Amino acid sequence: MLTVLNKPAIFSFVLTLIFFTIGFVTLKDYAVSWDEAMHYRRAHAVLFYFLTGDKNYANLPSVNLQGTKGDPSVIPEPRRSFYQNDINNYTYFYDDWGHPPLNGLMAASLNYIFYQNLGIMDDIESHHLFNLLASSLFVFIVTYFAFITLGRFAAVVSFLTVVTYPLFFAESHFNVKDPAESAFISATIFFFYKSLEKLNLKWLILSILAFGFALGTKFNALFVPFIIIPYLIVRYRSSLKNFKNIFKEDKLRIFSLVLITAGTVIPLVMLIAPWPYLWKIENLLRVLVFYKEIGSGVNYQGDGFLIAGFNLFPLLWILFTTSILVLILSVVGVIVGFSDKSFKDKFPLLWILWLFIPILRVSLPGTSLYGGVRQILEFLPAMSLLAGLGAYKIRNILTKRGVSSFLISGTIIFLFIFPILSLIKLHPYENVYFNFLIGGLNGAKEKNFPSWGNSYGSAYLDGINWINQNSEKNSKLSLIQGTRANVPDILLRKDIDFNNSNFSGIEKDGEYLMELIFNDTAKFNYYAWDYVNNFLDPVYELKRDDVTILKIWKNDAEHTWKDVKSSERKLESGINSEIDKQIVKITLSKPVYLSKIVINPLELEDCEEAREGYVEISLDGKKWEMKKDTFEFQQVRPFQEKKLTNLTYYFAGDYTSFVNFIVNKNACILKGNKIDVYIF
């Protein structure tokens, strides 16, 4: 048995199988991420078209899946996935741009096999099987690469580094893009490294195929050459002195020809073939523009993280969300990689480039990153390998000083018990982990570190379970900011009315309100947030590390700490107003706590609704605060038909004397109006 485990592939497979088994058993503990719904809807639409030629789901049974939890035993055949949405069909997605669909197609294919046909996995978990399989490839590549270069001990350390990394462990269950992209990029780099041994074309083709999978998942793959090319230059710099003679060798010419031709054609085919939008090749430019838009131009964290234009947030995020043990081992690995020139093929340099290029890409002036570092998760394989290198070097140094090699190895491996205990403590919200350098999650919250508490949507599952177990029959549910895609209907009790239009605000219809609590750099619906924070006591809070990451409120009188419904009244006097160009100026005779202002136009001809603009308030008429909800956003009962005859703006008890409504030029309320002010 021990002899068998000395074989790198078998040893790596056994460790990967352990990871996969743990991941599979815990799949049920995780919800869906924010991104998954549209990825799966598009994937099913395209897959259904490929399988049947149908551009809609008219030939599938129309069934209400709410309350089924996607259990194949209670859903009649032919089973329909929750994500086979009648609105989001092939026709809808034909002109869809954004991220490529290949990863989603693979997830939908597994759903088609294990849920729709075999009926042995439920709807959501069968999609998540792809995430877990891709993550297992990630783990295998890291472990195997460490074993063949540094041996079994380094392989174990690299394995433990990656599988105990909180962000990776959590999102290997429910993130359809980033672990998969990292796995395919890892395979691309590793297979290419192997192909350099005797210019092996089989490994090269595998590398090209892996690159195709990576490109078909996210365009992060386009930065792989920035890792490989510098490595090749350094590794073969002595040969470059005789550049003219390099390509005289037939084997190298063939290798280069395959790399250039197959390395271009195969990935492009894998990108375009499963994506109908790119069947018009000119649409590729629109996709490139999409990546430019999301990857640059907006600094989500603020100027406090900038030094000479470089954004330190990605590096700080990694510093604060990586276990101290892994940080130490990785830093040692980087130092060794730069200083020790004895390693064959200079593979430590490859790992260093692999670690820092993704981080540098989102740190350069003008680039953007939001939601932590999941979008550049391809740095993690390199960090894990460098941690293995660091442990390897530490053991070698101490062994030369007479310390038992077995003792050193055992101690380092034992120390991983602390990252493991952190995972257990936070489960299943491991991705909200922060280390003690910032004071844990609590410290990150106190310092308001960007994206603290961001579970990537997973914490909704705990809220869903609470609602199912504790809400009254026929209850109403609304999210404050999230969309319906964040909470799959199939997980909710059949009688629950889930619709974001249920938010009634001051009318208090008794609906439940649920939302994630974290530092959200893309926050909106500010009135609703102010309303629940200023007036309602939560009925449930989900906490990790003594920090709330999800709350549920009940919008009724019983759970209102200040009975705003009974105290709200119409202000009968002391209201003065004037129209100044595009501004309706309201002056109150004394400061009041505002509930809402309704402006009714006196004329409706040759004018338009007040559909653009904003509100600003002031206590003294000098210092003004702009309210963040614009007129385009319907603050109460969003998504319901909006009355166009008046402008109603809600305030959650703002204390003020002056209110300005800045509106579009031809707004009817600028031609004359009647103003009603409601206060607490």
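Residue 1 is where the sequence shown starts when you use the UniProt record's numbering, and the numbers rise one by one after that.
Positions of the beta carbon are idealized from the N, C-alpha and C atoms, including for glycine.
It should be emphasised that the depicted structure is a prediction, and the values quoted were computed from it without experimental measurement.
Classify residue i as helix, strand or coil using the three-state DSSP reduction.
i           : result
residue 51  : helix
residue 730 : Since the first and last residues shown for the chain are 1 and 680, residue 730 lies out of range.
residue 263 : helix
residue 538 : strand
residue 391 : helix
residue 689 : Shown here, the chain extends from 1 to 680; a query on residue 689 therefore has no answer.
residue 224 : coil
residue 165 : coil
residue 590 : strand
residue 286 : helix
residue 118 : coil
residue 31  : coil
residue 485 : helix
residue 149 : helix
residue 112 : helix
residue 549 : strand
residue 26  : coil
residue 322 : coil
residue 516 : strand
residue 198 : helix
residue 656 : strand
residue 521 : coil
residue 445 : helix
residue 41  : helix
Could you check if residue i is buried or exposed, using at least 16 other CB atoms within 10 Å of its CB as the buried criterion?
i           : result
residue 143 : buried
residue 68  : buried
residue 545 : buried
residue 145 : buried
residue 355 : buried
residue 192 : buried
residue 339 : exposed
residue 321 : buried
residue 116 : buried
residue 7   : exposed
residue 414 : exposed
residue 36  : buried
residue 655 : exposed
residue 595 : buried
residue 17  : exposed
residue 249 : exposed
residue 569 : exposed
residue 537 : exposed
Can you pull the DSSP bridge partners for residue i?
i           : result
residue 556 : Answer is none; residue 556 lacks a bridge partner.
residue 498 : 477
residue 678 : 570 and 596
residue 577 : 586
residue 310 : 307
residue 614 : 662
residue 667 : 608
residue 251 : In DSSP, residue 251 forms no bridge with anything.
residue 673 : 601
residue 296 : 367
Whose C-beta lies closer than 8 Å to the C-beta of residue i among residues of the same chain, with five residues either side of it excluded?
i           : result
residue 63  : 75, 76 and 80
residue 613 : 582, 630, 631, 661, 662, 663, 664 and 667
residue 47  : 105, 108, 109 and 112
residue 150 : 388, 389 and 392
Give me the Cβ distance between residue i and residue j, rounded to the nearest whole Å; I'm assuming they're in contact under 8 Å.
i           : j           : result
residue 384 : residue 158 : 5 Å
residue 528 : residue 634 : Contact flag wrong, Cβ pair sits at about 11 Å.
residue 555 : residue 508 : 5 Å
residue 577 : residue 675 : 5 Å
residue 669 : residue 583 : Not confirmed; about 11 Å, so no contact.
residue 103 : residue 176 : 6 Å
residue 180 : residue 370 : Residue 180 to residue 370, Cβ: 20 Å. No contact.
Only counting the same chain, and skipping five residues up and downstream in sequence, which positions put a Cβ closer than 6 Å to that of residue i?
i           : result
residue 255 : 199
residue 592 : 679
residue 170 : 430 and 431
residue 141 : 186, 187 and 190
residue 618 : 624 and 658
residue 408 : 395 and 398
residue 309 : 365
Going along the chain, which residues of its own chain have a beta-carbon closer than 7 Å to the beta-carbon of residue i, five neighbours each way excluded?
i           : result
residue 459 : 429, 516, 542, 549 and 550
residue 32  : 124, 174, 457 and 488
residue 219 : 291
residue 495 : 473 and 474
residue 504 : 511, 555, 636 and 637
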